[in-house]
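Residue numbers (our numbering): 1307 to 1427. Okay, structure first, notes after.
Take a look at the structure:
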């Protein structure tokens, strides 16, 4: 039981959360790079101008995720003495995936469309 308590402590979960966030960003960047590379070899390229609704969803996801991560960074002792650094890193990483990475933005729109279908049932 004490081992489980240790595994669920901020000492373990905060670094795990940071590693998961970095892995998500690296995965999104890799997917974007692979798509760009494929398009460079004669694949299809597409320029999309997002509407207000889509951009609102991106900004909403960014704000919600950033808010959650900032709250975590400011409340855990594992980030003590480096809170500003962690907040800056997390906010930058979330801004990249939610606002700049085309692959993740398309993924968000897919999730949003599925949720809209569920609401209509």
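For each residue, glycine too, the CB sits at the ideal point set by N, CA and C.
query: Less than 9 Å separating the beta-carbons of residue 1371 and residue 1404?
result: Taking the first residue of the chain shown as position 1, residue 1371 is located at position 65. Taking the first residue of the chain shown as position 1, residue 1404 is located at position 98. With a cutoff of 9 Å on beta-carbon distance, residue 1371 and residue 1404 are scored as near each other.
message: Considering only the alpha carbon of each residue, which of 1420, 1414, 1423, 1408 lies closest to residue 1340?
response: Position 34 of the chain shown, counted from the start, is the residue given in the question as residue 1340. It is 1408.
message: Could you compute how far the alpha carbon of residue 1410 sits from the alpha carbon of residue 1387?
response: Residue numbering aside, residue 1410 sits at position 104 when the chain shown is read from its first letter. Residue numbering aside, residue 1387 sits at position 81 when the chain shown is read from its first letter. So the alpha carbons of these two residues sit roughly 32 Å apart.
task: Would you check if there are 3 or more beta carbon pairs closer than 8 Å linking the stretch 1330-1337 to the stretch 1374-1385?
output: no
message: Taking 6 Å as the limit between beta carbons, can you name the residues of its chain near residue 1418, skipping five residues before and five after?
response: Looking up residue 1418 in the chain shown gives position 112. Closer than 6 Å at the Cβ level, and outside the excluded window around residue 1418, lie 1363.
- prompt: Which whole-angstrom value describes the C-beta separation of residue 1414 and residue 1367, a residue pair presumed to lie in contact below a C-beta threshold of 8 Å?
  reply: Taking the first residue of the chain shown as position 1, residue 1414 is located at position 108. Taking the first residue of the chain shown as position 1, residue 1367 is located at position 61. Sure, about 6 Å apart at Cβ, within 8 Å.
Reference residue 1402, options 1315, 1336, 1319, closest by Cα: Position 96 of the chain shown, counted from the first residue, corresponds to residue 1402. Of 1315, 1336, 1319, the residue nearest in Cα terms is 1336.
field: As assigned by DSSP and simplified to three states, the class of residue 1371
entry: Position 65 of the chain shown, counting from 1, holds the residue named residue 1371. Three-state DSSP puts residue 1371 in a helix.
- request: Whole angstroms is fine: what's the gap from residue 1422's alpha carbon to residue 1375's?
  value: To locate residue 1422, count along the chain shown from 1; it is residue 116. To locate residue 1375, count along the chain shown from 1; it is residue 69. Roughly 26 Å separates the two Cα atoms.
message: Please list the terminal residues of the continuous alpha helix (DSSP H) segment that includes residue 1357.
response: To locate residue 1357, count along the chain shown from 1; it is residue 51. Careful: residue 1357 lies outside any alpha helix (DSSP H) and carries neither H nor E.
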